[in-house]
Structure formats: C-alpha cells, structure tokens
Amino acid sequence: MKLAAAGLWAVASTMLLVSHAQADIKVGIVVSATGPGSALGQPQMKTIAALPTEIGGEKVVYIALDDESDPTKGTQNARRLVIQDGVDVLIGSSLTPVTMPMIDVAMEAKTPIISLAAATSIVKPIDDRRRWAFKVVPNDDLMAAAILKHIAKSGIKTLGYIGVSDGYGEGYYSEVSRLAPTLGLTVTTHEVYARADTSVTGQALKVIATNPEAVFIASAGTPAVLPQEALRARGYAGKIFQTHGVATEDFIKLGGANVEGAVFSGEAFTIADDLASDDPFRRARDEFVAAYERANGTKPNMFAAHLWDAMTLIKRAAPNALKTAKPGTPEFRTALRDELERGKDVYLNNGLSTMSPENHNGYDARSAFLIKVEGGKFRLAR
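If you want the numbering used here, it's the position in the sequence shown, counting the first as 1, plus 1218.
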C-alpha cells in the first residue's frame, strides 16, 4: 500500500480507490489487468501511481477497475463508474472488444471516454455513438498503411495473414485486404486464432501451404509470439511482419530467436533512444519514463504509455473546461469533451495528436515509425 498525494490507495484484487472531495476531478479507469489482455492491462494499472494528482488547481482522483479482459465485465465497470461514482471522464479499456460496449455507456451518460485499444472502429465513423469516444493508440488503418507500403516497396507480391479473432485482428484484416490490392499485393490467406489459444499449428500450416513471400500477423502482446513461433518451427523462412501491438519487452523475451527480424510500424516510444536527444517525441517519452520509474522503480512499456498519454490529453483539456463548469457536473463533462477536440500538435508517446470534431484519434503519417526486432531489441528500421 502506498501514500499518494491525492489520498490513500486501498488496493484490492480488482480495483484501486482514492478518497476524494466533492469538487475533485474524478477519472474512471477500466483496464484488462487479468485475463488474456493482462500483458496490456497490468502495466497500465501500475501507471496510475505516476499520474498527476492536480490539474488546474483541482485535485484529481482515480477509480480503477479490472475488466478481466471480458466485455460484460468492462460494461459493468463503466456503468458503475458513471452512475455510482459519477466520474468526469472514462479511460479504457485495454482491448477493443471490451471498449466497444463501453462506448454505449459513455454516450448514454454523456461522459467522454478515451480508449487504450487500437481498432479504428472505436472512433470511426464519428456519429452520435462515437461523439464521446476518443483514443490515444494510432488507428490501425494508419499503421496498416505504413507497414503495407514498406512491404510493397521491398518487392514482396504475396502475403499470408494470421490474426486474432476479435476486433483488433479483424480491424487489421479489413485494412490489409482493402489496401493490399492498391499496392500490388495479394493476400493468400485469412487465418484466425483466439488470444487464449495455446497452438496455431493448423493455421500456420495453412499459411505455409499457400507459399507466401511474407506473412503478416495481426495480434498484440505475448499472444503475437505464438504464430511466429509456429511458422518458424515448421520451416517458414520468409519475412514476418507484425503490428504495433507487439511493442513490449515480453514479446522479445518470450519469442527469443523466433521473433528476431520481425518488422512492424509502431510508435515513437518504442524507438525513442534512436531519436535525437532534443526530438520532441523523445522528450515526451523521457518525461513519462521518469515519472513511472519514480512511482514503480521499474521501466514502463508501450502499453503503460497509453494510459499516460490519455491523461496528458485530459491534463491539457481540463483547465479550459474548468473555466466553464465545476467537476461533477454535466456541463463540465461536455466542456471536457469539447476541449479534447481542440487539442493541437500534442507530442505523445503514441504520436503527434491533433484532434478535431471529425477526428477523435488525431494522428497522421508522422506518428508511424518502422521498427525492427534486431539483436533482441526494438530498433528504428533505417
């Protein structure tokens, strides 16, 4: 148990609570700290100890819940946070399938939600349902375009596909299948597996049977290791491409030699050490890492940075919202939502963010970096 500036943290197996006063800005956080998404949610839960405890002269308190990687649990948590706890903003979830029903809760409660998941469908198309939804992870269409252009430029013509059988994998497949023909690429397979699966041998063999020059894997965290291991174990020697969801040291530790050489398009955080010391992306990374290490005594990963970035956006939006209304009111929640849309050229660990009423993700091609697993490390691919 730790003492934080905002109050005393009471730690339970599924939540962290902070004591609060009526005028405090209340932030409800829902992450996948257990279950198949725990590789994402656990570092995000640890990030809470590094978050700001005051914004614009008001104390900030956090109520954090574990959704257990389950959409039903995530929805229950979101309803509890907006109804029982009266939060001013929701953050979460770590996973796309858990986030999607939470958006409905945010819309009904007219409470802004900032997702930590990746699928483009979280924020597109902007409609009444998504008007309250934002996200800090770059859209999969942006990252897919960057890596597919790289694949095409390398001379590859045929591409096998294996992805997780949820919103993340299917979102990527939608973009890959749409963009590939425009770049002269033929997708030879569409194989899927569940994040909790322990074998993808059958899928790997089906991909290999189509003899693709390269294989694209759409997964996140440690589950992304499984298909790459299966392909290498069955003798596949072609290039393998992954997504930004693999940007964690656990991916390299678990995959070892099998993931060496994997290439993906990802965020600046992952390769910040390869950038100039005065690069604004590197400065954003260094600020976050210093705060996280002070709070936890260990280094953070990219998934932890998602939560930090969400609070960075809130920290920039809240002072102007406070000029309109007090926390805990519908007027404040609406003003906060409006201010999130006005953020411009904000350097985050995830990219350069410029939100608008038409764009609740806010990134462009400047936010996508080509990254390669080289010598057991993530390096900027040059």
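For each residue, glycine too, the CB sits at the ideal point set by N, CA and C.
Task: Proximal residues to S1231 (C-beta, below 7 Å), its chain only, five neighbours per side dropped - done: Here residue 1231 corresponds to residue number 13 of the sequence shown, with the count starting at 1. Residue placement at S1231 is flagged as unreliable, the pLDDT there being 36, under the threshold of 50; the coordinate-derived value follows with that caveat. The beta carbon of S1231 lies closer than 7 Å to none in the same chain, with the five residues before and after it left out.
Open item on the list: Looking at P1254: is its Cβ nearer than 7 Å to the Cβ of A1414?
Closed with: Translated into positions along the sequence shown, residue 1254 becomes position 36. Translated into positions along the sequence shown, residue 1414 becomes position 196. Cβ distance < 7 Å, so P1254 and A1414 count as in contact.
Open item on the list: For R1600 and V1477, what's the separation of their Cα atoms in angstroms?
Closed with: Stepping through the sequence shown from its first residue, residue 1600 is reached at position 382. Stepping through the sequence shown from its first residue, residue 1477 is reached at position 259. Take the alpha-carbon of R1600 and the one of V1477: they are about 19 Å apart.
TODO: Kindly indicate which three-state DSSP category T1404 falls into: helix, strand or coil?
DONE: Position 186 of the sequence shown, counted from the start, is the residue given in the question as residue 1404. Here T1404 sits in strand by DSSP.
Task: Sequence-distant residues of its chain with Cβ nearer than 7 Å to T1552 (five each side left out) - done: Residue mapping note: residue 1552 aligns to position 334 of the sequence shown, counting from 1. Excluding the 5 residues flanking it on each side, T1552 has same chain C-beta neighbours closer than 7 Å at K1328, in chain order.
Open item on the list: For L1377, list the residues DSSP reports as bridge partners.
Closed with: Position 159 of the sequence shown holds residue 1377. Note: L1377 sits in a beta bridge opposite V1405 and A1432.
Open item on the list: Quick check on E1592: does DSSP put it in helix, strand or coil?
Closed with: What you label residue 1592 is simply residue 374 of the sequence shown in a count that begins at 1. Of the three classes helix, strand and coil, the one that applies to E1592 here is strand, per DSSP.
Task: Cα-Cα separation, L1283 to G1546 - done: Counted from its first residue, the sequence shown places residue 1283 at position 65. Counted from its first residue, the sequence shown places residue 1546 at position 328. Roughly 20 Å separates the two Cα atoms.
Task: For T1516, the nearest candidate out of Y1379, E1431, V1418 and A1268 (CA to CA) - done: Taking the first residue of the sequence shown as 1, we reach residue 1516 at position 298. Out of Y1379, E1431, V1418 and A1268, A1268 has the C-alpha closest to the C-alpha of T1516.
Task: For D1322, the three-state DSSP class (helix, strand or coil) - done: Stepping through the sequence shown from its first residue, residue 1322 is reached at position 104. The answer is helix: DSSP assigns D1322 an H, G or I state.
TODO: State the DSSP-derived secondary structure class of A1195, mapped to helix, strand or coil.
DONE: Look at the range of the chain in this structure, 1219 to 1600, and you will see that residue 1195 is not part of it.
Open item on the list: For S1483, list the residues DSSP reports as bridge partners.
Closed with: Residue numbering aside, residue 1483 sits at position 265 when the sequence shown is read from its first letter. Per DSSP, L1588.
- [ ] For R1597, name the three-state secondary structure that DSSP assigns.
- [x] Translated into positions along the sequence shown, residue 1597 becomes position 379. Per DSSP, reduced to three states, the secondary structure at R1597 is strand.
TODO: Mind reading off the beta-carbon distance from F1550 to D1306? Whole number of angstroms is fine, and I expect it under 8 Å.
DONE: The residue labelled residue 1550 in the question sits at position 332 within the sequence shown. The residue labelled residue 1306 in the question sits at position 88 within the sequence shown. Yes, F1550 and D1306 are in contact; Cβ-Cβ is about 6 Å, under 8 Å.
Task: Proximity below 7 Å, CB of H1363 to CB of I1331 - done: Walking along the sequence shown from the start, residue 1363 turns up at place 145. Walking along the sequence shown from the start, residue 1331 turns up at place 113. The question names His, but residue 1363 is Ala in the sequence shown. No, Cβ-Cβ distance for A1363 and I1331 is not below 7 Å.
Open item on the list: Between I1309 and L1540, how many whole angstroms is the CB-CB distance? I'm expecting something under 8 Å.
Closed with: Locating residue 1309 in the sequence shown gives position 91, where the first residue counts as 1. Locating residue 1540 in the sequence shown gives position 322, where the first residue counts as 1. That pair is no contact at about 19 Å.
- [ ] Compare the Cα-Cα distances from V1507 to each of L1313, A1523 and R1584 and report the closest residue.
- [x] For this step, residue 1507 is matched to residue 289 along the sequence shown. The candidate whose alpha carbon is nearest that of V1507 is A1523.
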